[in-house]
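A.B. asks: Can you read through this structure? Questions will come right after.
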Amino acid sequence: MLYKVIISFFVFNILYFNVLSQVEYSNNFDLEWGTLERSPGSLLEILPQNNADFYSLRWSGGRSFGTYRVVEHQNLQQVNQGRIKQVAQSGIANFETAYYVGEQLYVFLSDKVNGELVLYAQPYSQELTPNGSSVVIAKYNNDKMNAKPNFGVISSENKEYIGIVWEIPGRKTISDAYGYVILDQYLNKLNQGAYNIPLNGNLTSINEHHISNTGDYFLSLTEHKRPNDRIFSKDYDNFKALHVYKIKDNALTEFSLSIEDKRIDDLKMSSNDDGIFTLSGVYGSSEIKQNRRKHLVEGIFVIRIDTDVDSMIFQGFIPFRKDFISMNFNEKSTLRSRRKRNREQELYNYKIRDIFTLNDGSLVGSIEQYYIFERSSYDSRTGLTSTIYYYYYDDIIAFKIGNDKAFDWQKKINKSQISTNDGGPFSSYSSFTDGRKLYFIFNDNLKNYNEEGKFMQNNRECYPFNLSRRKNIAAITAVDLASGALDRNMLFSRKELKSIVVPK
3 MLYKVIISFF VFNILYFNVL SQVEYSNNFD LEWGTLERSP GSLLEILPQN NADFYSLRWS
63 GGRSFGTYRV VEHQNLQQVN QGRIKQVAQS GIANFETAYY VGEQLYVFLS DKVNGELVLY
123 AQPYSQELTP NGSSVVIAKY NNDKMNAKPN FGVISSENKE YIGIVWEIPG RKTISDAYGY
183 VILDQYLNKL NQGAYNIPLN GNLTSINEHH ISNTGDYFLS LTEHKRPNDR IFSKDYDNFK
243 ALHVYKIKDN ALTEFSLSIE DKRIDDLKMS SNDDGIFTLS GVYGSSEIKQ NRRKHLVEGI
303 FVIRIDTDVD SMIFQGFIPF RKDFISMNFN EKSTLRSRRK RNREQELYNY KIRDIFTLND
363 GSLVGSIEQY YIFERSSYDS RTGLTSTIYY YYYDDIIAFK IGNDKAFDWQ KKINKSQIST
423 NDGGPFSSYS SFTDGRKLYF IFNDNLKNYN EEGKFMQNNR ECYPFNLSRR KNIAAITAVD
483 LASGALDRNM LFSRKELKSI VVPK
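Count along the sequence shown starting at 1, add 2, and that's the number in this note's numbering.
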C-alpha cells in the first residue's frame, strides 16, 4: 500500500493576512503553505482528496445558531465553499458528518420519519451544491416520541468503503443489539444485518468498530469482571477478557484469543489492501496487587488475521526491552520526578496513538506517555475549593513489529509538554508514514536545538515545550523504517511563522 497523507496543521495566525510562500528548511523536509486567509468557520474535520487537495468541514456561527460549511482547497489554496443544506427527502434533517469516498463528497443527514430513524447520503457536486436527491442508506424503528438517531458513520482507511452502525433499541435482553450496513464507494450495499453481542451488556465495553480496506466489518470489545462505571479513569482491576469478531450478515465469527494472565488496554485496529487485519494494544499484568500499585505496561499485544480465509496468522505478546522501559525519565518534569520517588521506574499511562500496517504485513506505530494531575485547595476564609488540572504529554515510544513476531526496533523520543487547565490543545503529536519513514511532529522548545536546527540531547533530558513567541518551535522526528535510526530537527519557529500549530 502506498501511504498518501495530508498532515493538517491548525494554524492560529496572529496576522490574518500574512502571506507565506513555500519554504525549504535545512532538515530537507519541504513545507508548502497556502495563503493565510480569514477563517470561514471553526474547523471540524479535514477530508483529504490527494496530495495538496482537500475539503475542510466547518461550523460558522455561535453555539446555538449557525451553519455547517464545506470548503474546497486545491494546491493548499481555498478555491470554493458552500453551505451544507440540512434538507433530505423528508424535509429538514440533522447533520451527522461528511466523507470524501471514491472521488465523491457525501454529506450524511438523519431524520425521523413515521416512527423510523433514517440516515441519508447526499452527494455534492464540484460546485459544492447538492447533486440530485438524497439516498436512504440505513434505517431502523423507534416509536418513542423523543427518539433521536444514533447512527455511527465510519470508513475504511483507504476511503473505499463506508460502514453505518447503530444500536437497536427496545430489545428486552441483557445483551446489546446492533444493526449495520456496509457500502462501497458508489453506495452499493455489500453487507448488512443485525446481531446481538453474546455477552452481558453491563459487563462489556466496545473498543472499536472497524471497516477493513477490503470491506470486512470487525468489532473488538472488552469484557469486565463487574460493571464498568468509571468514566474518567481506568479501572485496571476490572479486565476479564478481550473479544474480536468478524461480522457478516447476522452472524458473528469470533477469533479465539489466549491472553493468559495479562490485561489489554487501549486497542487500535488497522488493515492493509492485501486483506491483513491487525489489532494491537498495550498489555500488562492482570494480577490485582500489581495493578493497584504500579499499573505497569510490559509491551505490545498483537493479533493478525487474514481476512480472505478468516484465519489468525499470529497472536502474541511482544515485550519491551527491560532496559528500555527502565530508562530514566526526564528530570525536568516534576511529575516524573514524583513518580520516580514514589513508584520506582514505571510506564504509568501510555496511549497508542497510531498503528500502520505496511505492505509486507509488518507494523509500525507509537504510544505516548501522558498523565492528568489534579490538585485541589480549600480556602477556609471563603469556604470555596479551587481545582487546578495539570496535563502532561511526555515521551513517545516508536516501534516496528516484523513478521518474525518480534520488535525490529523500538525507540524512545524524549519530549516534555506540560500545560494547565486547558486540556493540552498544543500538546501531543501528529504521526504519519510514507512507507519509508515514520514521522512525528510536535511543539518543542528552541533551547533543545543548536544553531543548525539539530536536536541536542543531554543525558536523555530535554527542556519542556514553550509556547512563547521567542522559544516555541515545531519539531519533526523521522524514524527510518528499515533501521530505526532517528533524525530530529527543528521544522520552523513561531517567531518566523508568526503562528502556532496544533499537530493533532
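Think of the CB as a built atom: it goes at the ideal place given N, C-alpha and C, for glycine as much as any other residue.
If you count every other CB in all the chains shown that lies within 10 Å of the CB of V120, and 16 or more means buried, which is it?
C.D. replies: Its Cβ being crowded by 16 or more others within 10 Å, V120 is buried.
A.B. asks: Judging by CA-CA distance, which residue of D406, T435, T479 and R472 is the nearest neighbour of K414?
C.D. replies: Checking every option, the nearest Cα to that of K414 belongs to T479.
A.B. asks: Could you give the residue range of the alpha helix (DSSP H) that holds E498?
C.D. replies: Taken as a continuous stretch (DSSP letters only), the alpha helix (DSSP H) holding E498 covers R496 to L499.
A.B. asks: Please work out which residues of its chain come closer than 7 Å, Cβ to Cβ, to T359, disregarding the five sequence neighbours upstream and downstream, and give them in chain order.
C.D. replies: Excluding positions up to five away in sequence, the list reads S272, S273, N274, I278, T280 and L365.
A.B. asks: Assuming F283 contacts I354 (C-beta within less than 8 Å), just tell me the rounded distance between them.
C.D. replies: Phe is not the amino acid found at residue 283; the sequence shown has Gly there. About 7 Å; that satisfies the 8 Å criterion.
A.B. asks: For the beta strand (DSSP E) containing V481, list its first residue and its last residue.
C.D. replies: Run containing V481: N474 to D482, per the beta strand (DSSP E) assignment.
A.B. asks: Assuming Q80 contacts V73 (C-beta within less than 8 Å), just tell me the rounded distance between them.
C.D. replies: Contact flag correct, Cβ pair sits at about 6 Å.
A.B. asks: Spatial neighbours of Q419 within its chain, please: C-beta separation below 6 Å, excluding the five flanking residues on both sides.
C.D. replies: Same-chain partners within the cutoff: Y395, S429 and F467.
A.B. asks: Pick helix, strand or coil for Y18, following the three-state DSSP scheme.
C.D. replies: Note that Y18 scores a pLDDT of 33, beneath 50, so its modelled location is shaky and nothing firm can be said.
A.B. asks: Check this for me: beta carbons of G134 and Q187, under 8 Å apart or not?
C.D. replies: Their beta carbons are not under 8 Å apart, which means G134 does not touch Q187 by this criterion.
A.B. asks: With H, G and I counted as helix, E and B as strand and the rest as coil, what does DSSP make of L4?
C.D. replies: Model confidence at L4 stands at a pLDDT of 39, short of 50, so the residue's coordinates are unreliable; what they give is reported in the following sentence. Coil.
A.B. asks: Should L223 and T206 be called a contact, given that it needs their Cβ atoms to be closer than 8 Å?
C.D. replies: Cβ atoms of L223 and T206: closer than 8 Å.
A.B. asks: Taking the alpha carbon of A487 as the point to measure from, which residue in K439, S260 and L499 has its own alpha carbon closest?
C.D. replies: Answer by Cα proximity: K439.
A.B. asks: In whole angstroms, what is the alpha-carbon distance linking V503 and I475?
C.D. replies: The alpha-carbon atoms of V503 and I475 are separated by roughly 9 Å.
A.B. asks: Report the residue from Q76, R60 and N77 whose alpha carbon sits nearest the alpha carbon of Y70.
C.D. replies: Comparing Cα positions, the closest option is R60.
A.B. asks: Taking the straight line between their C-alpha atoms, what separation do you get for G68 and F444?
C.D. replies: In a straight line, the C-alpha of G68 is about 32 Å away from that of F444.
A.B. asks: If G181 and I170 are in contact, beta carbons under 8 Å, what's the gap, nearest whole angstrom?
C.D. replies: Correct: roughly 5 Å between the Cβ atoms.
A.B. asks: Closest by CA to L201, which one among I176, K264 and K417?
C.D. replies: When each option's Cα is compared against that of L201, the closest is I176.
A.B. asks: Considering only the beta carbon of each residue, do F322 and K264 sit closer than 8 Å?
C.D. replies: No, they are not a contact pair.
A.B. asks: With DSSP collapsed to three states, give me the class of N143.
C.D. replies: Reduced to three states, the DSSP call for N143 is strand.
A.B. asks: If you follow the beta strand (DSSP E) that E74 is part of, which residue opens it and which one closes it?
C.D. replies: G68 to Q76 is the extent of the beta strand (DSSP E) around E74.
A.B. asks: Give me the DSSP bridge partner(s) of P50.
C.D. replies: Paired residue(s): F56.
A.B. asks: Could you say if the region 142-150 and the region 80-92 meet the contact criterion of at least three C-beta pairs nearer than 8 Å?
C.D. replies: As far as the Cβ criterion goes, the region 142-150 does not touch the region 80-92, which means the pair count is below three.
A.B. asks: Can you find a heavy atom of the ligand FAD that lies under 7 Å from the Cβ of A477?
C.D. replies: Because no ligand of any kind appears in the structure shown, any question about the ligand FAD cannot be addressed here.
A.B. asks: Helix, strand or coil for G437, going by three-state DSSP, please let me know.
C.D. replies: Coil, per DSSP.
A.B. asks: In the DSSP assignment, what residue or residues form a beta bridge with G181?
C.D. replies: Paired residue(s): W168 and A196.
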